[in-house]
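Protein chains in written order, with this note's numbering: chain A, 2 to 237; chain B, 305 to 687; chain C, 18 to 417. For glycine and all other residues, C-beta sits at the position ideal for the given N, C-alpha and C. Please read all numbers here as calculations on a predicted model, not as lab measurements.
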Amino acid sequence: MTKKGIHIEGLSKRFGKGDTAVYALKDVNMQVAPGEVVGLIGPSGSGKSTLLKCLGAVIDPSAGRMTLGDEVIYDDGWKVRDLRALRRDKIGFVFQSPYLIPFLDVTDNVALLPMLAGISNAKSRAKALALLTALDVQHRAQAMPSQLSGGEQQRVAIARGLVNQPPVILTDEPTAALDSVRAMAVIRILNDMAQKFETAIIVVTHDEKIIPTFKRIYHIRDGVTHEEVGEGRAFE
Amino acid sequence: MKKLPIQGRTLALLAIIIPLLALFIYVGLRSGPLAPVAVTVASVESGSITPALFGIGTVESRYTYKIGPIFAGRVKSLDVHVGDQVKAGQVLGGMEPVDLDDRVRSQESVLKRAEAVLQESKARQVYAQIQAKRYEQLLSVQAVSEESVATKKQELQVANAELSVAQADLARAHSDREGFIAQRSNLRLIAPVDGVVAVRDADPGTTVVAGQAVVEVIDPKSLWINVRFDQINASGLAAGLPTRIILRSRSGQILKGSVLRVELKADAVTEEMLAKVTFDNQPDSLPSIGELAEVTVDLPALPTVPLISNAAVQREGDKVGVWQIVDGDLHFSPIKLGASDLNGYVQVLEGLNKGDQVVTYSEKALKVGSRIHIVDRISGVSP
Amino acid sequence: MISLAGRDILHAWGKFIFTGIGLGLLIGVTLVMAGVYRGMVDDGKALLDNSGADLWVVQKDTLGPYAESSSINDDVYRTILAMPGVAEAANVTYLTTQVHKGESDVRAMVVGIAPGELGATPGWPPYLVAGRQITRSHYEAVADIATGFKLGDSLAIRRNHYTVVGLTRRMVSSSGDPMVFVPLKDAQEAQFLKNNDAIWQSRQRTEANPAFNRPGVPGLLDAVIASQNTNLSVNAVLVTLKPGYAQNEVAESIQRWKRLTVYTRAQMEDILVGKLIATSAKQIGMFLVILAIVSAAIVAFIIYSLTMDKIREIAVLKLIGTRNRTIAAMIMQQALALGVIGFVVGKITATFAAPVFPKYVLLTPMDSVIGFLAVLVICILASIIAIRMALKVDPAEAIG
């Protein structure tokens, strides 16, 4: 149990009431340390998406406890008033599809998050550019998302997830559409970023190509998680 | 600084938005009630106008002779047709004499009888005279009584009287006969002057009443035009003025004429002055009686004064004047107008000088303070 | 913070402009319809203004001369001229008929104007755009350019031919027919005398009537025919007043002493606008309301669908933590920008389309201002509905 990172105990989520109740999550226990990249693996219908949504403060869990860094954000009820600010400042999202805003250029797509937090445009763009450089897409900084390849878009999405330096990043199938070379590249980047920014990263995936790289894996089935030790293979 | 792709897009958008806005502002300021009014301006010229009076008239014959009987009767014959030339005294036709001939003959018999009676009376008077004389002679030798002489004298007087009566009777019979002959001559329709037959009102066999015209004769040399002028625009109309005449059926031809007289009696109902205009030279082919003619009477030219087109005359409130451009501003100047001619020029007696700029045509009614802009021609009017 | 609305517009500028133009045409049509309505009312007012009269004297108990036919003797004006306060009194006739030029004809209102002092006689066209005023007492005409006639054209009205010597603009009857001004006597003849065939037949009938064709009275038939063929009536007398006299008072005195009906300018306007064109105006007014409602609905729909097109981006924005306020502002700004573009295009379209209409279309600045405000209000209301939809979006949809 570390003080930073993300720490989940006994999380459950029930849809419906009484006889027709469905438990998407029954008993979820996870912890991820800052700088750590863990995998979250499970078949469809196992509650992966629901877990992500709970972690992302997009839906309300039914019971349990979530701690983010020093702050208890959920304890049988949200302890944080502004969920939006929570999402904006403390949680990063990287989706299967990049979901970039089509009418903003690459830099502004990334810079949007610090701008929403009140940081000046110039500073926001500087931050964005730094991350884009780290992810090696800075040469596309002025392009519109539609002009980028899939891999480039994904990297921009990752940059967006990282730009506010949130303590935790949730990623959902970030490599599903990529070939093995690129998939490796993404996983490497995620590890690099996690180390650099001391971010805890949860990767929901069932991509065989990257699963061996995780040092720790959480399996989820029928709403319950099991921890496992992963291979922790090095990157090629 | 942004790089090219975005700038391109922004430029494209601006290329649309800016002209659109410019057009919008143009539309707002230049059309609708806010727009300045287009006007044309002319300089006041000095000139002398020749006013003219314009009237419409009908061609009439100066004298129309309607020839007809003075008694009711039946038309017996009509020997002339419309268009025939007739001479003074020519018999044109006649009425049925009915019993008039018989009456003349009977009257002649009466006359003869009266003559016979006269002869008889004469004879008796001569005899009576001789007797009276003889008895007087006998009285002087006392061969007969005084009573016989008196009787013979009385017989002489009676014979004288009878002679007078017979003479009077004869005279009366003459007069009666003259009368019947006169009546019979009235049965004849006689042309009073040389002329042309204009109308045949009744054909032979028609019964006409006394005074009804059977045939109308006109003197073609005496054609004139009876012209009507609006009283308001007839000042200066006087006898002797030259005129130009255009007959309706000959609209290309201008004939010359002059005003013969201005009628003393005007038409009070239609408010028109009447005048008679004659042709200077008789036209080759006679115009029809009743044909319309446009008559323009030329009045003498007036002295040179400032002139304006009558289109420039406006009314503002209760004053008549023009809109003048003074130092680029619109200004209403009341003026006093004088005579005008038929081409639309009117004299300005007071209020304007030569060279003043005056608004002639405008797109809208002008008011004090209207914004104007000067054009050569109002839009919508082709040259 | 960048402007999300601005960026979106810049990105999809083609669609935006196109939509704006479509919207603009709709708004333009609505503005033109309002202009048609105002034009109808203005036609009535123009008719009254152009006659230059303060009072209209008509046949007793009629609404004439425009709303109802009125016939008075043409010497009545002399007695009116003598009344106190009267500056000018002039006869006038109105006849709506076909005016022929060559083979074509045009429906026009032929106005008979009385001869009088230049500039001071009511009934004469107050201003010209070309040519000159009538100077001859017969066979000259001043026509409105809406008839299509030019200077020097020869017009045929009933049995006479007239030469066009002057042109006017905006001289129309209350139903929008252009006016042709001719001398009064010619107009009286036109109003009364029919064509040659009818005159000939009427003469035959009179000759056949033994009461008129008496042999003992030779001149009777001619006198009767002559009286049948003269017209001594006019439709109204136009009166201008001396300064310092009130319209109502002078109208009152004429009405009382001359047993005629007299209308002031305000009363004539009431009659024209309130009675003559009321039904048509209401018709157009209703259509205008319907058009405005339809336009509003379409604007609302367009804004709604523009928002719905972006629903996924909105979900993502919400997910990454954009405030509701920001999203709402984006939608509303776009709606207002669309409204402004639409209005600009609409106003331009309306201005260029207005002269093309056969009758007068009057676009007033006040109508434009009201239209602009209405467009803005509709855009705001429509965007509120769209915003509600947007804010209800579940950001969870962005995630699988």
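Checklist entry - From the beta carbon of E667 of chain B, is the nearest beta carbon of chain C less than 8 Å away? => result yes
Checklist entry - In three-state terms, what does DSSP make of Y431 of chain B? => result helix
Checklist entry - What in chain A is Cβ-close to D25 of chain C, meaning under 7 Å? => result F104
Checklist entry - Hey, A247 of chain B and Q423 of chain B are a contact pair by Cβ (cut 8 Å); roughly how many whole angstroms apart? => result Outside the modelled stretch of chain B, which goes from 305 to 687, sits residue 247 of chain B, for which no answer is possible.
Item to check | Spatial distance of E620 of chain B from D571 of chain B (CA atoms) | outcome: 34 Å
Item to check | Inside the region 429-515 of chain B only - alpha helix (DSSP H) runs reaching at least 4 residues | outcome: 450-490
Next on the checklist: Using only the alpha-carbon positions, how far apart do R295 of chain B and K525 of chain B sit?
Outcome noted: Only positions 305 to 687 of chain B appear in the structure, and residue 295 of chain B is not among them; the question remains open.
Checklist entry - Based on the DSSP output, what are the partners of L255 of chain C in its beta bridges? => result C:W73 and C:A107
Checklist entry - Under 9 Å Cβ-Cβ, which residues of chain C neighbour M116 of chain A? => result M18 and I19
Checklist entry - Using DSSP with H/G/I as helix, E/B as strand and the rest coil, what is R282 of chain C? => result helix
Next on the checklist: If I measure Cβ to Cβ from Q618 of chain B and keep anything under 7 Å in the same chain, skipping five residues before and after, which residues do I get?
Outcome noted: G625, V626 and W627
Checklist entry - For I344 of chain C versus A403 of chain C, is the C-beta spacing smaller than 8 Å? => result no
Checklist entry - For S562 of chain B, which of B:L527, B:K569, B:A319 and B:D534 has the nearest alpha-carbon? => result B:L527
Checklist entry - Is there contact between the region 255-266 of chain C and the region 46-64 of chain C, where contact requires at least three CB pairs shorter than 8 Å? => result no
Checklist entry - Considering only residues of the same chain and omitting the five flanking positions on each side of I7 of chain A, which have a CB-CB separation below 6 Å? => result V33, L69, V169 and A201
Item to check | Outcome for W217 of chain C when other beta-carbon atoms lying within 10 angstroms are tallied against a minimum of 16 | outcome: exposed
Checklist entry - Would you call the CB atoms of T214 of chain A and T176 of chain A closer than 8 Å? => result no
Checklist entry - Using a C-beta cutoff of 8 Å, does K306 of chain B count as contacting chain C? => result Only weak support is given to the placement of K306 of chain B: the predicted model assigns it a pLDDT of 47, under 50, and the value that follows is read from those uncertain coordinates. Taking Cβ atoms only, chain C never reaches closer than 8 Å to K306 of chain B, which makes this a no.
Item to check | S347 of chain B to H635 of chain B span [Cα, whole Å] | outcome: 15 Å
Item to check | Same chain, Cβ closer than 6 Å to S425 of chain B, neighbours up to 5 away in sequence not counted | outcome: E466, L467 and A470
Item to check | Within 9 Å of chain C by C-beta, residues of the region 42-60 of chain A in sequence order | outcome: K49, S50, L53, K54, G57, V59 and I60
Checklist entry - Nearest-angstrom Cα distance between V672 of chain B and I536 of chain B? => result 32 Å
Checklist entry - Under the criterion of a Cβ to heavy atom distance below 7 Å, does H677 of chain B qualify as lining the ligand ADP? => result Among the components of this structure there are no ligands whatsoever, and the ligand ADP is therefore not found.
Checklist entry - So, helix, strand or coil for H155 of chain C, using DSSP? => result coil
Next on the checklist: Does any residue of chain B have a CB that is nearer than 8 Å to the CB of I97 of chain C?
Outcome noted: no
Checklist entry - Can you tell me whether I682 of chain B is buried or exposed, with buried defined as 16 or more other CB within 10 angstroms of its CB? => result buried
Checklist entry - So which residues of chain A does R340 of chain C contact, with C-beta pairs closer than 8 Å? => result R85 and L117
Item to check | C-alpha gap between S270 of chain C and A131 of chain C, whole angstroms | outcome: 24 Å
Next on the checklist: Give me, in chain order, the residues of the same chain whose beta-carbon lies closer than 6 Å to that of P373 of chain B; leave out the 5 immediate sequence neighbours on both sides.
Outcome noted: M399
Next on the checklist: With a threshold of 6 Å on Cβ separation, who are the neighbours of L491 of chain B within its own chain once the five nearest residues in sequence on each side are excluded?
Outcome noted: G398, M399 and P401
Checklist entry - Can you give the Cα-Cα distance for T152 of chain C and P139 of chain C, rounded to whole angstroms? => result 16 Å
Item to check | Every unbroken beta strand (DSSP E) inside the region 547-607 of chain B [3 residues or more] | outcome: 559-566, 576-583 and 596-602
Next on the checklist: For a contact defined as C-beta to C-beta under 9 Å, what are the partners of Q618 of chain B on chain C?
Outcome noted: G136, P143 and Y144
Checklist entry - Could one say the Cβ of N122 of chain A lies closer than 8 Å to chain C's Cβ atoms, at least one of them? => result yes
Next on the checklist: Nearest by alpha-carbon distance to Q586 of chain B: which of B:G393, B:I529, B:L415 and B:V331 is it?
Outcome noted: B:I529
Checklist entry - Excluding the five sequence neighbours on either side, which residues of its own chain have a C-beta within less than 7 Å of the C-beta of S63 of chain A, listed in chain order? => result S13, K14 and R15
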